[in-house]
Amino acid sequence: MRYESIDNQLFIQNRKKLSQLLKPKSLVILHSNDVIPTNADGVGF
Numbered sequence: 039m040r041y042e043s044i045d046n047q048l049f050i051q052n053r054k055k056l057s058q059l060l061k062p063k064s065l066v067i068l069h070s071n072d073v074i075p076t077n078a079d080g081v082g083f
């Protein structure tokens with residue numbers, strides 16, 4: 039495994055906090071994956 043496991047409750051609580059901050063009919067897009075290296079010089083987004 040690359041990283042130590044994080045308790046799922048952290049993500050559940052954070053989603054609840056975020057949803058309380060949003061206005062009705064809002065949309066949020068979160069990128070949550072590692073940045074993929076494209077070659078030795080850079081990364082792809």
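For the sequence shown, this note's numbering assigns the number 39 to the initial residue and increments by one for each residue that follows. Think of the CB as a built atom: it goes at the ideal place given N, C-alpha and C, for glycine as much as any other residue.
Rounded C-alpha distance that separates residue i from residue j
i: E42; j: S64; result: 32 Å
i: R40; j: T76; result: 19 Å
i: R53; j: P62; result: 15 Å
i: S57; j: I67; result: 12 Å
Boundaries (first-last residue) of the alpha helix (DSSP H) holding residue i
i: I50; result: 46 to 59
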